[in-house]
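K.L.:
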Amino acid sequence: MTSDPRDVLSRPAPPADFTLRYGEDPDQVADVRLPAVAGAPLVLFIHGGFWRHEWDRTHTGPLAADLAARGYAVATVEYRRTGRPGGGWPGTFSDVASAAVAVPDLLAKEIAHRGLRPVSVDRPILAGHSAGGHLALWYAAVAPDAIGGVVALAPVADLVRAYELDLDNGAVADLLGGPPDHMPTAYASADPMVNLPSTVRTVVIHGADDTIVPVELSREYCRKARRAGDDTTLVELAGVEHFAVIDPESAAWPAVLAAFGTVTRGEAVDAD
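Residues in the sequence shown are numbered consecutively from 68, following this note's numbering.
Quick look at the structure:
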């Protein structure tokens, strides 16, 4: 087990098998890691970093490599982020929507072209951490029939509350262009809390000791989702902070693996 929770952010990981491009912008790409089994379920993973350009998909390498070793096909999605042209509302969101539609088809074609083991690309699992967890919950509500399930790790599940708490020094205002009373349409469209039910089977995992994205956001989101009729489960982990949920070397990782098993309605095929 690692002693510094942030170690995962800079830990080297095996390289991706290949990268797919779903748009013309340099950030409209997805890194793919494939398992050593045929018919693996596809996970589209969206990284966190409060939607800011300073953070990219690189730090999800250990997570993606571990999932691939356990029998999942994993595409880590990059997207335009705040601080660069096209990032924020609506570009960040249109990128995620475009990737969710395009990447499964692009992956199937690339696998056929390379003569690799086939992957189950229909209705992939959508997953994400922190800001990426928010985007996963958001897209599930936008296109529920296209998604097989959601695993949200420490998600920013309530944008209005995150704005009120001033998470990461104005990250939500930077994403949506201002406060809720100035940008009501953006908040109404972008906030998972006001777009329920999603009708997508969802597992939310959040550490009780998370000081970066407080667990209260996930508690309230899951309560509201269940009241709306969604099949939504909150797994709250005592003694766990923000980064352990994306770290395969952490004590929280078995709970994350169990969540992926739950949304795929059975454990992934063992790659060994």
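Cβ coordinates follow ideal geometry from the N, Cα and C atoms, glycine included. Given the structure is predicted, the values throughout are model-derived calculations rather than measurements.
(1) Roughly how many whole angstroms lie between the Cα atoms of PRO93 and ALA319?
(2) Short of 6 Å in beta carbon distance, which residues of its chain neighbour ASP98, apart from the five on each side in sequence? Order them along the chain.
(3) Could you pull the start and end residues of the beta strand (DSSP E) that ASP189 belongs to?
(4) So the candidates are GLU121, ILE192, ARG88; which of them puts its Cα closest to the Cα of ARG268?
(5) To the nearest angstrom, report how far apart SER256 and VAL307 are at their CA atoms.
(6) Would you mind sorting ASP133 into buried or exposed? The rule is 16 or more other CB atoms within 10 Å of its CB.
(7) How big is the Cα-Cα spacing for ASP314 and ALA194?
(8) Which of helix, strand or coil does DSSP assign to THR331?
(9) Anyone know if the C-beta pair for ALA221 and GLY237 falls short of 8 Å?
(10) For ALA229 and PRO81, what's the separation of their Cα atoms in angstroms?
(11) Mind checking whether ALA167 and GLY116 have CB atoms under 8 Å apart?
(12) Does the distance from the CB of GLY274 to the CB of LEU304 come in under 8 Å?
(13) So the candidates are VAL239, PRO72, HIS309, ALA175; which of them puts its Cα closest to the Cα of TYR254?
P.N.:
Short version:
(1) The residue labelled residue 93 in the question sits at position 26 within the sequence shown. The residue labelled residue 319 in the question sits at position 252 within the sequence shown. Answer to the nearest angstrom: the Cα atoms are 33 Å apart.
(2) For the purposes of this step, residue 98 is taken as the residue at position 31 of the sequence shown. So the qualifying residues of the chain are ALA83, THR86, THR143.
(3) Walking along the sequence shown from the start, residue 189 turns up at place 122. Element bounds for ASP189: 186-196.
(4) Indexing the sequence shown from 1 puts residue 268 at position 201. Nearest C-alpha to ARG268: ILE192.
(5) As a first step, residue 256 is located in the sequence shown; it is residue number 189 there, counting from the start. As a first step, residue 307 is located in the sequence shown; it is residue number 240 there, counting from the start. Approximately 31 Å between the Cα atoms of the pair.
(6) Position 66 of the sequence shown, counted from the first residue, corresponds to residue 133. Classification for ASP133: buried.
(7) Counting from one through the sequence shown, the residue named residue 314 turns up at place 247. Counting from one through the sequence shown, the residue named residue 194 turns up at place 127. Each residue's alpha carbon lies about 14 Å from the other.
(8) For the purposes of this step, residue 331 is taken as the residue at position 264 of the sequence shown. THR331 carries a coil assignment under DSSP once its states are collapsed to helix, strand and coil.
(9) Mapped onto the sequence shown, residue 221 falls at position 154. Mapped onto the sequence shown, residue 237 falls at position 170. ALA221 places its beta carbon 8 Å or farther from that of GLY237.
(10) Position 162 of the sequence shown, counted from the first residue, corresponds to residue 229. Position 14 of the sequence shown, counted from the first residue, corresponds to residue 81. Cα to Cα, ALA229 sits roughly 34 Å from PRO81.
(11) Start at 1 with the first residue of the sequence shown, and residue 167 comes out as number 100. Start at 1 with the first residue of the sequence shown, and residue 116 comes out as number 49. Between ALA167 and GLY116, the gap from beta carbon to beta carbon reaches 8 Å or more.
(12) Locating residue 274 in the sequence shown gives position 207, where the first residue counts as 1. Locating residue 304 in the sequence shown gives position 237, where the first residue counts as 1. Judged by their CB atoms, GLY274 and LEU304 are nearer to each other than the 8 Å cut-off.
(13) Within the sequence shown, the letter at position 187 stands for residue 254. Nearest C-alpha to TYR254: VAL239.
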